[in-house]
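Asker: For the sequence shown, the residue numbers in our numbering are 643 to 780.
A virtual CB, placed ideally from N, CA and C, is assigned to each residue, including glycine.
Here the structure is a predicted model, which means the values were calculated and not measured.
Below is the structure I would like to discuss, written out as structure tokens.
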Amino acid sequence: MHHPIRPEWFQGKHEAQLGKLVGITQFGVNILTLDPGAASALRHWHECEDEFVYVLTGKLTLIDENGEHDLIAGSFAGFPAGQPNAHHLANKSSEPASFITVGTRKVGMETIHYPDDFAEPQTVMRDANGNRLNQIRP
643 MHHPIRPEWF QGKHEAQLGK LVGITQFGVN ILTLDPGAAS ALRHWHECED EFVYVLTGKL
703 TLIDENGEHD LIAGSFAGFP AGQPNAHHLA NKSSEPASFI TVGTRKVGME TIHYPDDFAE
763 PQTVMRDANG NRLNQIRP
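This is how it looks when you write it as structure tokens:
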């Protein structure tokens with residue numbers, strides 16, 4: 643996966659969009675595997691979308707406004723919409739790690755905050771099938 647900011651974080655990110663495979667459009671269900679050194683996303687928080695993660699295998703580091711937290715298989719975390727707790731998962735271990743992520747897919751405009759990378763919030767547009775119609779601007 644290519645990303646204009648911190649591309650090295652995303653070279654080891656592998657994603658299966660399970661929700662799309664079965665026609666779910668109101669929320670996303672994905673399985674992600676992060677190779678050592680990879681990250682799930684830029685650290686961010688959503689104004690209108692909830693997020694939930696559940697670790698399946700390996701060890702991940704949750705990095706949020708409260709610091710770093712180790713997550714192992716069976717661990718989970720949630721990020722309610724509108725709470726300014728910018729977060730992402732990073733694989734700081736020497737083995738791949740997998741997790742499930744579930745999140746709201748708001749149709750229309752959603753605002754996402756990336757405090758480490760953008761001074762201004764980013765606006766994302768989604769269609770009724772959950773597809774992004776625009777990308778964040780670098």
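1. Ends of the beta strand (DSSP E) at lysine 662?
2. Run through DSSP, which three-state label would phenylalanine 760 get?
3. For the putative contact between aspartate 692 and glycine 750, defined by C-beta atoms under 8 Å, what is the C-beta separation to the nearest angstrom?
4. Please report how far the alpha carbon of aspartate 677 lies from the alpha carbon of proline 738, in whole angstroms.
5. Please say whether leucine 698 and leucine 704 have beta carbons closer to each other than 7 Å?
6. Is it the case that the Cβ atoms of proline 722 and tryptophan 687 are separated by a distance below 7 Å?
7. Quick one: what does DSSP say glutamate 707 is sitting in, helix, strand or coil?
8. For the candidate residues Leu775, Ala681 and Glu707, whose alpha-carbon lies nearest to that of histidine 755?
9. In or out: valine 695 buried (at least 16 other Cβ within 10 Å) or exposed?
10. With 16 other CB atoms within 10 Å as the buried threshold, where does asparagine 776 fall?
11. Going by the CB atoms, is the gap between threonine 743 and glutamate 689 shorter than 7 Å?
12. Return the chain-ordered list of same chain residues with a C-beta closer than 8 Å to the C-beta of alanine 680, the five sequence neighbours on each side being excluded.
13. Is glutamate 737 helix, strand or coil when you go by DSSP?
Answerer: By the coordinates alone:
1. Within the sequence shown, the letter at position 20 stands for residue 662. It is not in any beta strand (DSSP E) - lysine 662 instead sits in the alpha helix (DSSP H) that spans 660–663.
2. Taking the first residue of the sequence shown as 1, we reach residue 760 at position 118. Correct three-state label for phenylalanine 760: coil.
3. Counted from its first residue, the sequence shown places residue 692 at position 50. Counted from its first residue, the sequence shown places residue 750 at position 108. Contact doesn't hold; Cβ gap of about 16 Å is too wide.
4. Residue numbering aside, residue 677 sits at position 35 when the sequence shown is read from its first letter. Residue numbering aside, residue 738 sits at position 96 when the sequence shown is read from its first letter. About 4 Å.
5. In the sequence shown, counting from the first residue as 1, residue 704 sits at position 62. In the sequence shown, counting from the first residue as 1, residue 698 sits at position 56. Contact: no.
6. Here residue 722 is taken as the residue at index 80 of the sequence shown, counted from 1. Here residue 687 is taken as the residue at index 45 of the sequence shown, counted from 1. No, Cβ-Cβ distance for proline 722 and tryptophan 687 is not below 7 Å.
7. Taking the first residue of the sequence shown as position 1, residue 707 is located at position 65. Of the three classes helix, strand and coil, the one that applies to glutamate 707 here is coil, per DSSP.
8. The sequence position of residue 755 within the sequence shown is 113, counting from 1. Out of Leu775, Ala681 and Glu707, Glu707 has the C-alpha closest to the C-alpha of histidine 755.
9. By one-based count along the sequence shown, residue 695 stands at place 53. It counts as buried.
10. Taking the first residue of the sequence shown as 1, we reach residue 776 at position 134. Label assigned to asparagine 776: exposed.
11. On the sequence shown, residue 689 is found 47 positions in, with the first residue counted as 1. On the sequence shown, residue 743 is found 101 positions in, with the first residue counted as 1. For glutamate 689 and threonine 743, no; Cβs fall outside 7 Å.
12. Numbered from 1 along the sequence shown, position 38 holds the residue referred to as residue 680. Excluding residues within five positions, the ones whose Cβ falls inside 8 Å are Trp651, Phe652, Gln653, Gly654, Lys655, Ala732 and Asn733.
13. Position 95 of the sequence shown, counted from the start, is the residue given in the question as residue 737. Residue state, collapsed to three classes: coil.
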